[in-house]
Amino acid sequence: SGRLQLELRPVYLRALLESVVEDVLPLAQSVGADLHTDIDLALPPVVQADAVRLRQVLGNLLTNACRHSQASRISLQVKLLPEMKLAADQVTLWIAVRDNGTGIPEAARERIFRPFEQVAATATSQGVGLGLAIAHQLVGLMGGVLQYDCPATGGSLFHFRITLSLAAESDLAAVQGPLGLHQYEGR
428 SGRLQLELRP VYLRALLESV VEDVLPLAQS VGADLHTDID LALPPVVQAD
478 AVRLRQVLGN LLTNACRHSQ ASRISLQVKL LPEMKLAADQ VTLWIAVRDN
528 GTGIPEAARE RIFRPFEQVA ATATSQGVGL GLAIAHQLVG LMGGVLQYDC
578 PATGGSLFHF RITLSLAAES DLAAVQGPLG LHQYEGR
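FYI, in this note's numbering the residues of the sequence shown are 428 to 614.
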């Protein structure tokens, strides 16, 4: 069919978030940026999510902050939004990647989610301009809208809300790997 679909499975949410940060940390350090997390302590331990796609979105946003913003501070924020609760077995999360870098010029903001668009090349920038377009598409598939804001304090803020169904740890029994990801042993 060629159409992108989510593969929802039980996943340890905090472990997924922390693993993305661990993966991006060496890049952040290599460009002299401090990478911080602000993850709500009230997050449920296990949710139904497409762990691969959620990792891809967060990885793209954090990697872009490292490569393109010239920031000294980058943070991943994840907040539970209890006031947005749609059903007893669901949670709504606000997820944001913030940096204190140069920000995106106003003239370029309308096109940042288009494929093959890059605002400006910097000494540390790489890629062909697909990361934000893919992240935008995947967040849309998850029922959210990826947005960009330029905070008054400067830098960039990419954020979205998604609603996820709760899962129980017992649901993880049939799933391999600590994050609910299928893992393969290699030699």
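Don't be surprised by glycine CBs; every beta carbon is placed ideally from N, CA and C.
Opposing strand residues paired with residue i [DSSP bridges]
i	result
isoleucine 626	With the chain running from 428 to 614 in the structure shown, residue 626 is simply not present.
threonine 580	Paired residues: none, contrary to the question.
arginine 430	None; arginine 430 has no bridge partner.
histidine 563	Note: histidine 563 sits in no beta bridge, so no partner.
serine 592	Gln475 and Gln517
arginine 436	Ala476
Beta-carbon proximity of residue i to residue j, cut-off 8 Å
i	j	result
aspartate 467	leucine 440	no
alanine 534	alanine 498	no
leucine 435	glutamine 517	no
cysteine 493	leucine 454	yes
glycine 570	isoleucine 589	yes
aspartate 465	serine 502	yes
proline 437	leucine 565	no
serine 457	aspartate 526	no
proline 509	glutamate 596	no
valine 451	leucine 433	no
alanine 514	arginine 541	no
N- and C-terminal bounds of the alpha helix (DSSP H) containing residue i
i	result
leucine 452	440-457
Beta strand (DSSP E) segment containing residue i, residue limits
i	result
isoleucine 466	461-466
Cβ-heavy atom distance, residue i to the ligand ADP, below 7 Å
i	result
glutamate 510	The ligand ADP is not part of the structure shown, which contains no ligands of any sort.
Neighbour flag for residue i against chain D, beta carbons, 8 Å
i	result
glutamate 596	This model lacks chain D altogether, as it is built from one protein chain only.
Worksheet item: Using 8 Å as the Cβ pair cut-off and three pairs as the minimum, do the region 518-532 and the region 482-491 touch?
Response: As far as the Cβ criterion goes, the region 518-532 touches the region 482-491, which means the pair count is three or higher.
Worksheet item: Of all the alpha helix (DSSP H) runs that stay within the bounds of the region 468-506, which reach a length of 4 or more residues?
Response: Listed in chain order, the complete alpha helix (DSSP H) runs (minimum 4 residues) inside the region 468-506 are 478-495.
Worksheet item: Taking contact to mean at least 3 C-beta pairs separated by less than 8 Å, is the region 579-588 in contact with the region 438-453?
Response: At 8 Å Cβ cutoff, the stretches do not touch.
Discussion item. Is it the case that the region 488-504 contacts the region 469-479, given that we only count it when at least three CB pairs across the two stretches are under 8 Å?
Written reply: Between the region 469-479 and the region 488-504, the count of Cβ pairs shorter than 8 Å is below three; the stretches do not touch.
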